[in-house]
Amino acid sequence: MIKLKLQSLHKRENELANANRQLEILSNGIFKSGELPKFKDKIAETGHFPLRPKKLEILQINLGYMCNQVCEHCHVDAGPDRKEIMTRETMMQCLEVIRNTGAHTLDLTGGAPEMNPEFRWFVEEASKAGIEDFIVRSNLTIIRANKKYYDLPDFFKKHNVHVVSSMPHYTRGKTDKQRGEGVFDKSVKALQELNAIGYGLPGSSLRLDLVYNPTGAFLPGNQDSLEKDFKKALSEDFGIQFHSLFAITNLPISRFLDYLIASENYEDYMHSLVDAYNPAAVENVMCTNTISISWDGWLYDCDFNQMLGLKVDSKVKHISEYNEDLLNDRNIIISQHCYGCTAGAGSSCQGKVV
Amino acid sequence: MANSYYDPADLRKFGDITEWNEELGTKFFDYYGKVFEEGALTAREKSLIALAVSHTEQCPYCIDAYTKDSLQRGITKEQMMEAIHVGAAIKSGATLVHGVMMMNKVNKLDG
Chain A
1 MIKLKLQSLH
11 KRENELANAN
21 RQLEILSNGI
31 FKSGELPKFK
41 DKIAETGHFP
51 LRPKKLEILQ
61 INLGYMCNQV
71 CEHCHVDAGP
81 DRKEIMTRET
91 MMQCLEVIRN
101 TGAHTLDLTG
111 GAPEMNPEFR
121 WFVEEASKAG
131 IEDFIVRSNL
141 TIIRANKKYY
151 DLPDFFKKHN
161 VHVVSSMPHY
171 TRGKTDKQRG
181 EGVFDKSVKA
191 LQELNAIGYG
201 LPGSSLRLDL
211 VYNPTGAFLP
221 GNQDSLEKDF
231 KKALSEDFGI
241 QFHSLFAITN
251 LPISRFLDYL
261 IASENYEDYM
271 HSLVDAYNPA
281 AVENVMCTNT
291 ISISWDGWLY
301 DCDFNQMLGL
311 KVDSKVKHIS
321 EYNEDLLNDR
331 NIIISQHCYG
341 CTAGAGSSCQ
351 GKVV
Chain B
355 MANSYYDPAD
365 LRKFGDITEW
375 NEELGTKFFD
385 YYGKVFEEGA
395 LTAREKSLIA
405 LAVSHTEQCP
415 YCIDAYTKDS
425 LQRGITKEQM
435 MEAIHVGAAI
445 KSGATLVHGV
455 MMMNKVNKLD
465 G
């Protein structure tokens, strides 16, 4: 049994549940006073403003904000109390897009996407489109949460799904601190089950990647070094194997922003992000090759902009009117949270970008 | 002057020392950067050494920097504390081993 740490900001009626309030905080204070440069001005220094998309490679679809966990730093503010769930009607619109897109990767996320009652139907239909890389972002514990999910590993295998799972640390204490008590043990069990059917093994086409994001107000270290440490520890302690580790920076929005402010780390963290700004990362930020689709079919430059309510700056704003050429001719919407994707080696849903 | 000898914000200004002597400052930071690269020791091992030495040197800036650096490298708090004990053991051992000098002197003068 996972002991949930908290309720979503929405459930608590926290002011940061309001995206506009978050954007206000991100534009005031140290950014308004000029102590730190606004992201727009920073990228303009190297001629990257306005930020424009390149070739579309990834369609990321959020199937809903409902989740069996309430992680401390969740940028989605997901949890069992969130009821936003994609309907079959919207999924059908997504399928139409998937069948005709030029993107090579389909990336399903949430919340826990598996909790959407139409999840399996959608995966079955989407897998028929023959997309090259079909990712499901699974939090792992969902596989052990209820009997009805026990066969998820086999279901993933049947549809050649690429499983990407969060694992903030290879020790119980750090993982449970961020994701809830009991999460580490359940995650280990789920990873062992995935290994048992071939996921994550060297040379296996059943891809299993892990996502690392820091447990506190600091940036991720070198992705390759962290991957080595994770592989060594998980293999020695639990016999677990996986393919790659994606190191992801926590963006200062939603529950992580709440944490930063409450722990009086906000200003230092923003300084760390700006100090680590890397123009080379701007070249490859994920919003330049991704479209993010929300549970209710709206289109965004990325998952973070989705959570901040910043719809794409295009005539086409909804999946029902999807047009890839029109969409690709747009300016990407930015704010100070974008520093999270350009720090150090950069950060994206696929890890570092440099 | 600030009200305190140590201001956390000064750590971010460390690079400014180059402004008053570019040649030496640049040489120092080049050397510093090189020292912490992966070598015969991993960058992770070097970070733990730096954390221990930060404590024996009692440098607040260094403690701030290398605690954060350790966290970024996935080093656990148990590992960090053990590293500090290594530094503390050497520091106290270095004090105590001088006791032999005292003993030698006593034996010579009053043995």
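So the sequence lines, in the order shown, correspond to chains A and B. All residue numbers for the first sequence refer to the numbering used here, where the first residue is 1 and numbers rise by one. All residue numbers for the second sequence refer to the numbering used here, where the first residue is 355 and numbers rise by one. The beta carbon of each residue, even a glycine, is placed where N, CA and C say it ideally should be.
Is Thr-430(B) close to chain A? Criterion is C-beta to C-beta, closer than 8 Å.
Yes, Thr-430(B) lies at the interface with chain A (some Cβ there is under 8 Å from its Cβ).
According to DSSP, is Gly-417(A) helix, strand or coil?
Since the displayed chain A opens at 1 and closes at 354, residue 417(A) lies outside it and no answer follows.
Using CA atoms only, rank isn't needed, just tell me which of Ser-166(A), Ile-143(A), Leu-257(A) and Glu-267(A) is closest to Glu-15(A).
Leu-257(A)
Spell out a yes or no on whether the stretch 134-153 of chain A and the stretch 187-201 of chain A are touching, meaning 3 or more CB-CB pairs, one atom from each, closer than 8 Å.
yes
Quick one: complete beta strand (DSSP E) runs, 3+ long, within the stretch 272-301 of chain A?
Within the stretch 272-301 of chain A, the complete beta strand (DSSP E) runs of at least 3 residues are 290-293.
Just the Cα atoms here: how many angstroms apart are Pro-202(A) and Gln-241(A)?
8 Å
Just verifying my parser: in three-state terms, what is the DSSP assignment at His-318(A)?
strand
Hey, would you say Pro-252(A) sits closer than 8 Å to Gln-426(B), going by beta carbons?
no
For the structure I just gave you, are there three or more beta carbon pairs, one from the stretch 266-275 of chain A and one from the stretch 23-36 of chain A, closer than 8 Å?
yes
For Val-123(A), I'd like the list of residues in its chain whose CB is within less than 6 Å of its CB, leaving aside the five on either flank, ordered along the chain.
His-159
From Thr-109(A), Ala-129(A), Gly-79(A) and Ile-135(A), pick the residue whose C-alpha is nearest to that of Glu-96(A); which is it?
Ala-129(A)
Going by Cα to Cα distance, which pick from Leu-23(A), Lys-11(A), Ser-8(A) and His-10(A) is closest to Cys-338(A)?
Leu-23(A)
Residues in the same chain with beta-carbon distance under 8 Å from Gly-351(A), minus the five sequence neighbours each way, listed in chain order, please.
Val-211, Gln-223, Ser-244, Leu-245, Phe-246, Ala-247 and Ile-248
Could one say the Cβ of Gln-433(B) lies closer than 8 Å to chain A's Cβ atoms, at least one of them?
Chain A contact via Cβ: absent.
Given 8 Å, three or more beta-carbon pairs between the stretch 391-408 of chain B and the stretch 359-378 of chain B:
Cβ pair count under 8 Å is below three, so no.
Round the Cβ separation of His-73(A) and Asn-213(A) to the nearest angstrom and send it over; I've been treating them as touching at under 8 Å.
7 Å
Classification of Gln-60(A) by the beta-carbon crowding that lies within 10 angstroms, buried from 16 upward
buried
Would you say His-162(A) reaches chain B, if we count a Cβ-Cβ gap shorter than 8 Å as a contact?
Contacts with chain B at 8 Å (Cβ-Cβ) do not include His-162(A).
I need the DSSP call for Arg-366(B), collapsed to helix, strand or coil.
helix
Is any heavy atom in the ligand ADP found nearer than 7 Å to the beta carbon of Phe-31(A)?
This structure lacks the ligand ADP; in fact it carries no ligand of any kind.
Whole-angstrom Cβ separation of Ile-291(A) and Leu-327(A), contact assumed at under 8 Å?
Rounded, the Cβ-Cβ distance is 6 Å, consistent with contact.
Quick one, which residues of the stretch 397-410 of chain B are near chain A if we go by CB-CB under 7 Å, in chain order?
The stretch 397-410 of chain B vs chain A, Cβ under 7 Å: Ala-397 and Arg-398.
Taking 8 Å as the threshold (C-beta atoms), are Cys-341(A) and Val-356(A) in contact?
The structure shown has nothing for residue 356(A), since chain A only spans 1 to 354.
Pull out every residue of the stretch 438-458 of chain B whose Cβ sits closer than 8 Å to any Cβ of chain A, in chain order.
Of all residues in the stretch 438-458 of chain B, none has a Cβ within less than 8 Å of some Cβ in chain A.
For Met-167(A) and Asn-323(A), I'd like the C-alpha separation in whole angstroms.
36 Å
Answer yes or no: does any C-beta atom of chain A fall closer than 8 Å to that of Leu-395(B)?
Leu-395(B) has a beta carbon lying at 8 Å or more from every beta carbon in chain A.
With DSSP as the reference, label Leu-310(A) as helix, strand or coil.
coil
Please report the Cβ distance between Ser-425(A) and Ala-78(A), rounded to the nearest whole angstrom; I am assuming they are in contact, meaning their Cβ atoms lie under 8 Å.
Since the first residue shown for chain A is 1 and the last is 354, residue 425(A) is missing from the structure and cannot be characterised.
Would you say Gln-412(B) lies against chain A (beta-carbon separation less than 8 Å)?
no
Since I believe Gln-306(A) is in contact with Asn-116(A) (beta carbons under 8 Å), could you give me their beta-carbon distance rounded to a whole number of angstroms?
Contact flag wrong, Cβ pair sits at about 16 Å.
Mind pulling the alpha helix (DSSP H) runs of 4 or more residues that sit fully within the stretch 417-465 of chain B?
431-451 and 453-464
Thr-105(A) versus Glu-114(A), Ser-127(A), Ala-112(A) and Val-70(A), residue with shortest Cα-Cα distance
Ser-127(A)
For the beta strand (DSSP E) containing Arg-212(A), list its first residue and its last residue.
Looking at the sequence shown, residue 212(A) is not Arg but Tyr. Element bounds for Tyr-212(A): 208-212.
Phe-119(A) versus Arg-99(A), Cys-71(A), Met-66(A) and Gly-102(A), residue with shortest Cα-Cα distance
Met-66(A)
Shortest alpha-carbon distance to Cys-94(A) belongs to which of Asn-331(A), Ala-343(A), Ser-320(A) and Leu-308(A)?
Ser-320(A)
Go to Asp-258(A), then tell me how far its alpha helix (DSSP H) extends in each direction, as first and last residue.
254-262
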